[in-house]
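> Protein chains in written order, with this note's numbering: chain A, 110 to 582; chain B, 5 to 252.
Quick one: structure below, then a few questions.
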Amino acid sequence: MFGKVLTLLIKSRFSKGFLAIIIMLLFYSLLTINLGLTTDKSFAAYYLGFFFIVFLASAIYTGGISTTSADRDFLLTSAIGNRVLVPAFFISQALASSLIFISAGSASLIVIRDNTLALSFGIVDLLCMAILPISMSLNMASLPRFVRVGGAAISVIWVISSFFNIPIGPLSFLRGQVIISSLFLILVTLIATVVSFNSIKQESLPFKLSAMSSRNRGFKKLFSFTGRTPEYAVFHLHFKQVDFSSRTASMGNIKIKVNRVSVYTILILVSVLAVAFGIYELFFNKNIPTSLASPNAFLYLLPEAYAQWGLAMGLSSGTLSKERAWLGFTSMPIEKYMGVTMISKMVQTLTIGSPFIVVNAILAYRGMFGAIPSIIIFLILVPVYSGINFTLSFYKKTFQIKQEDVLPTTYNISQFRTLPISFTMLILIFVALFVPISLPFIIAGSIGFLAFLTLNKNYWKRSLYKMIENGYV
Amino acid sequence: MEGYSEQSIDHASNALTLEGVYKSYSGVQAVDGIDLIIRDGERVTLLGENGAGKSTTMRIISGLMKPDRGNVRIYGYKPSTMEAKRYIGYLPEDASPYLNLSVMENLEYIGVIRRTANLNDRIEQLMDLLDMQSMKQQKPLSLSRGNRQKLCLALSIIHEPRFAIMDEPLNYLDIPTQERVFDYFNNMNSTFLISTHILSIAKRMTQRIVVLSRGRKVWDGNLDELENYDNSKRPIEAIVADMMKNVR
Chain A
110 MFGKVLTLLI
120 KSRFSKGFLA
130 IIIMLLFYSL
140 LTINLGLTTD
150 KSFAAYYLGF
160 FFIVFLASAI
170 YTGGISTTSA
180 DRDFLLTSAI
190 GNRVLVPAFF
200 ISQALASSLI
210 FISAGSASLI
220 VIRDNTLALS
230 FGIVDLLCMA
240 ILPISMSLNM
250 ASLPRFVRVG
260 GAAISVIWVI
270 SSFFNIPIGP
280 LSFLRGQVII
290 SSLFLILVTL
300 IATVVSFNSI
310 KQESLPFKLS
320 AMSSRNRGFK
330 KLFSFTGRTP
340 EYAVFHLHFK
350 QVDFSSRTAS
360 MGNIKIKVNR
370 VSVYTILILV
380 SVLAVAFGIY
390 ELFFNKNIPT
400 SLASPNAFLY
410 LLPEAYAQWG
420 LAMGLSSGTL
430 SKERAWLGFT
440 SMPIEKYMGV
450 TMISKMVQTL
460 TIGSPFIVVN
470 AILAYRGMFG
480 AIPSIIIFLI
490 LVPVYSGINF
500 TLSFYKKTFQ
510 IKQEDVLPTT
520 YNISQFRTLP
530 ISFTMLILIF
540 VALFVPISLP
550 FIIAGSIGFL
560 AFLTLNKNYW
570 KRSLYKMIEN
580 GYV
Chain B
5 MEGYSEQSID
15 HASNALTLEG
25 VYKSYSGVQA
35 VDGIDLIIRD
45 GERVTLLGEN
55 GAGKSTTMRI
65 ISGLMKPDRG
75 NVRIYGYKPS
85 TMEAKRYIGY
95 LPEDASPYLN
105 LSVMENLEYI
115 GVIRRTANLN
125 DRIEQLMDLL
135 DMQSMKQQKP
145 LSLSRGNRQK
155 LCLALSIIHE
165 PRFAIMDEPL
175 NYLDIPTQER
185 VFDYFNNMNS
195 TFLISTHILS
205 IAKRMTQRIV
215 VLSRGRKVWD
225 GNLDELENYD
235 NSKRPIEAIV
245 ADMMKNVR
């Protein structure tokens with residue numbers, strides 16, 4: 110029975126698209142780490158640390174094992190004991206999540222490939238890092254939000270501690286402190302996993318899986334539509350609310366959350382990050398790169414480039430999952446509705462990126478290489494790429510959020526047909542940062558591409574008709 | 005084809021004109037040459053088995069799908085134009101509101117972009133009608149399925165559309181609400197095109213029945229004609245089932 114349940118769960122979670130992502134991530138990480146290691150030996154640890162933070166913190170915060178409505182209606186109500194269900198759910202989710210993490214992170218072990226002992230521990234550490242987020246997400250799932258936020262914050266501090274020569278940091282094994290770092294990580298993973306099994310083995314498993322988080326009945330006041338023009342109402346809705354890409358894809362399974370966050374909340378968070386970045390660069394960094402030839406230029410511009418790309422992609426990807434064609438597109442011509450929505454997303458991206466414009470202006474004064482192109486990129490290119498990504502998200506097979514915490518589909522390859530263009534945008538940001546003379550041409554080309562897509566009325570209509578045929582109503 | 009004969013086409017005075025409409029997708033001929041005229045103020049039910057093409061036809065009429073061939077006009081206008089959009093109110097089957105907006109925000113947002121006159125009064129009227137006054141600040145996901153359907157119904161008629169296109173509008177509604185909605189619809193001066201599987205709803209809300217099967221129109225007439233279709237005194241459900249079977 111266990112084998113059958115596990116096979117069923119794995120089949121419902123995996124698809125060709127999912128495997129394609131794993132392979133793509135593996136190639137991507139190999140390329141990035143080899144490139145990064147040419148400028149800094151710590152790059153592999155930074156890279157793995159970034160991924161571990163994303164996986165661990167998001168798992169602790171969002172929490173839980175993803176179940177489909179079919180799981181809940183049929184599997185959890187069937188005569189199968191929790192002794193079978195608990196490990197099956199755990200293993201299927203751990204497998205899906207681990208494969209993504211390992212494909213993204215394994216290339217980091219390149220840096221310790223000559224040290225057999227470190228490499229052996231490294232492989233075990235990587236497996237622990239893949240499993241720990243799942244265990245922690247189960248342990249934290251039914252706790253109040255402030256506890257989960259606290260847990261996520263502690264996990265971030267723990268990971269970052271690796272870079273301050275603290276031996277129990279999970280990445281310290283990549284920085285020479287193999288034994289203590291590895292033993293501590295293994296111990297934490299073991300305890301967390303045992304506790305997580307214990308937490309869901311009881312009779313209440315179905316309830317734990319189907320109602321992982323408490324739900325408020327109302328929203329905080331955010332919008333005011335009355336008295337506005339129709340166009341301003343559309344702008345107001347899409348500017349004021351930040352639509353994060355609305356699923357926790359990093360966990361392997363697709364977990365949907367219908368959250369709404371004010372643009373101003375995100376602006377405050379980004380401002381704190383920008384100030385921290387500025388303070389570090391101005392007061393603590395003795396080696397600010399002043400030219401492309403500086404040995405650490407790549408390392409210092411890398412976070413800027415990813416922040417710019419991530420901002421454009423992150424703010425523009427989730428919008429359509431919350432839209433309703435039967436309401437919006439039957440009230441206003443599609444090209445007008447989408448045009449206003451796209452502009453609102455571009456203005457929102459510019460607003461949220463603005464603290465980094467200010468910080469880069471100060472860094473430019475300090476003579477940091479890339480700061481001036483960075484200002485122009487935040488000012489023009491990032492909003493334009495937000496617009497392009499939003500426009501393209503209308504073309505790919507968009508999923509819609511109709512119920513919370515439901516897996517609408519496994520990864521579908523057609524959802525990723527715009528990935529080549531997304532990665533082209535990342536490469537262009539890199540080129541613009543490192544070769545400033547290329548910036549005007551890249552900006553002109555990007556604006557031209559956006560205009561080509563959006564000034565064509567038929568683009569919106571054709572895309573809408575295709576989406577409706579795929580079930581987007 | 006029995007029942008209604010097609011009249012000479014006067015696009016502007018007809019609420020809906022469909023001429024030779026075809027649509028296929030996902031390898032299925034969903035709509036296979038439908039002709040249909042609905043006069044202003046007329047109330048029509050679309051009947052048909054699952055997959056008969058009712059929902060696709062409604063999506064084409066509401067401008068969300070483009071037919072492969074054929075002509076569609078709403079009061080003389082193409083469905084994708086602003087002029088046509090002003091006339092229609094569309095409710096799809098299993099509709100979902102904006103989940104990131106509260107009940108009240110949903111109504112305000114759609115009311116504003118539909119340019120609804122006296123919006124606040126209109127919202128109050130709909131909330132009273134649907135018995136939702138206490139739910140105005142709630143998230144749609146905290147509502148029961150029935151209350152979510154009420155919200156969707158309110159959103160589709162907030163602007164008092166001249167032509168309401170509704171796919172299973174009374175799904176999930178409790179009986180008292182159904183009764184209030186029947187009364188309200190019967191007092192509206194709108195044209196109605198409703199899709200349902202329940203003949204008692206068709207009888208109470210509309211005068212004319214159009215039966216679709218496998219994307220084709222197989223009957224078009226009024227209820228009396230349908231009940232006396234073959235003078236067999238059989239229940240109307242059996243007559244309709246036979247019509248659909250004969251197309252296979």
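Ideal placement from N, C-alpha and C gives every residue a C-beta, glycine not left out.
As the structure is a prediction and not an experimental result, all values here were calculated from the model.
Please list, in chain order, the chain B residues whose beta carbon lies closer than 7 Å to that of A:R369.
What A:R369 touches in chain B: N104.
> Determine the extent of the beta strand (DSSP E) in which B:Q33 is found, giving its start and end residues.
V32 to R43 is the extent of the beta strand (DSSP E) around B:Q33.
> Is the Cβ of A:L516 closer than 9 Å to any Cβ of chain B?
Legend: pLDDT at A:L516 = 46, less than 50; position of this residue unreliable, value from coordinates given subsequently. No - not a single Cβ of chain B is within 9 Å of the one on A:L516.
> Since B:L145 is in the alpha helix (DSSP H), which residue starts that stretch and which ends it?
First-last for B:L145: undefined, no H or E at that position.
> With H, G and I counted as helix, E and B as strand and the rest as coil, what does DSSP make of B:Y79?
It is coil, neither helix nor strand.
> B:G115 CB to nearest chain A CB: under 9 Å?
Answer yes: the Cβ-Cβ gap between B:G115 and chain A drops below 9 Å somewhere.
> Hey, does B:Q142 have any beta-carbon neighbour from chain A nearer than 9 Å?
Yes, its Cβ sits closer than 9 Å to a Cβ of chain A.
> Output needed for B:M248: all residues of its chain with C-beta closer than 6 Å, excluding positions within five of it in sequence on either side, in chain order.
Cβ within range, chain order: E53 and S217.
> Are B:S146 and A:G554 touching if we call contact CB-CB under 9 Å?
Cβ distance not < 9 Å, so B:S146 and A:G554 don't count as in contact.
> Measuring alpha carbon to alpha carbon, tell me which residue in A:S270, A:F164, A:S215 and A:F334 is nearest B:T120.
The shortest C-alpha separation from B:T120 is found at A:F334.
> If you count every other CB in all the chains shown that lies within 10 Å of the CB of B:D132, and 16 or more means buried, which is it?
Per the 10 Å Cβ criterion, exposed.
> What in chain A is Cβ-close to B:M69, meaning under 8 Å?
By Cβ distance, chain A contributes Y574, I577 and E578.
> Alpha carbons only, please: which of B:D135, B:E87, B:H163 and B:K70 is nearest the one belonging to B:G93?
The residue with the shortest Cα to Cα distance from B:G93 is B:H163.
> Can you tell which of B:V76, B:G55 and B:N193 has the C-alpha that lies nearest to the C-alpha of B:I64?
B:I64 has its Cα closest to that of B:V76, out of B:V76, B:G55 and B:N193.
> Taking C-beta to C-beta, are A:S495 and A:L410 nearer than 9 Å?
No, they are not a contact pair.
> Is B:M192 closer than 9 Å to B:L95 when the C-beta atoms are compared?
Not closer than 9 Å, so no.
> Could you give the first and the last residue of the continuous alpha helix (DSSP H) run that contains B:E87?
Here the alpha helix (DSSP H) through B:E87 covers M86 to Y91.
> Pick helix, strand or coil for B:M170, following the three-state DSSP scheme.
In this structure, B:M170 counts as strand in the three-state DSSP scheme.
> Check A:S403 in the structure and name its three-state DSSP category.
In the structure shown, A:S403 sits in coil (DSSP, three-state: anything other than H, G, I, E or B).
> With burial defined as no fewer than 16 other Cβ atoms inside 10 Å of the residue's Cβ, what is the status of A:S229: buried or exposed?
Classification of A:S229: exposed, given that the 10 Å Cβ count is below 16.
> Determine contact between the region 401-415 of chain A and the region 531-543 of chain A, defined as no fewer than three beta-carbon pairs at a distance below 8 Å.
Taking 8 Å as the limit for Cβ pairs, the verdict is that the region 531-543 of chain A does touch the region 401-415 of chain A.
> Using the DSSP secondary-structure output, state which residues sit across from A:Q286 in a beta bridge.
Beta-bridge pairing links A:Q286 to no other residue.
> Is there a Cβ of chain B sitting closer than 9 Å to that of A:I275, yes or no?
Not closer than 9 Å to any Cβ of chain B, the Cβ of A:I275 fails to qualify, so no.
> Just the C-alpha distance for B:V185 and A:T533, rounded to the nearest angstrom, thanks.
Their Cα atoms are separated by approximately 53 Å.
> Can you find a C-beta in chain B that's less than 9 Å from the C-beta of A:K454?
Output row for A:K454: interface = no.
> Could you work out which residues of chain A lie near B:S30, taking near to mean beta carbons separated by less than 9 Å?
Near B:S30 (Cβ distances below 9 Å), the residues of chain A are E578 and N579.
> Would B:E112 and B:L123 be called neighbours here (beta carbons separated by less than 9 Å)?
Yes, Cβ-Cβ distance for B:E112 and B:L123 is below 9 Å.
> Does DSSP classify B:K154 as helix, strand or coil?
In this structure, B:K154 counts as helix in the three-state DSSP scheme.
> Can you give the Cα-Cα distance for A:V343 and A:V468, rounded to whole angstroms?
Cα to Cα, A:V343 sits roughly 32 Å from A:V468.
> Going along chain A in order, which residues have a C-beta closer than 9 Å to the C-beta of B:A99?
Near B:A99 (Cβ distances below 9 Å), the residues of chain A are R433, W435, L436 and V582.
> Is it right to say B:T200 is buried, meaning 16 or more other beta carbons lie within 10 angstroms of its own, or is it exposed?
Classification for B:T200: buried.
> Assess contact between the region 267-274 of chain A and the region 139-147 of chain A, defined as three or more Cβ pairs (one per stretch) separated by less than 8 Å. Is contact present?
With the cut-off at 8 Å, the region 267-274 of chain A and the region 139-147 of chain A do not touch.
> Going by C-alpha to C-alpha distance, which of A:I497, A:M110, A:I538 and A:S264 sits closest to A:T527?
Checking every option, the nearest Cα to that of A:T527 belongs to A:I497.
> From what residue to what residue does the beta strand (DSSP E) around B:I205 run?
Element bounds for B:I205: not the beta strand (DSSP E) but the alpha helix (DSSP H), L203 to M209.
> Taking the C-alpha atoms as reference points, what is the distance between A:L194 and A:Q457?
Distance between the alpha carbons of A:L194 and A:Q457 is about 44 Å.
> Can you name the residues that DSSP bridges to B:N18?
For B:N18, which the question treats as bridged, DSSP gives the partners B:R43.
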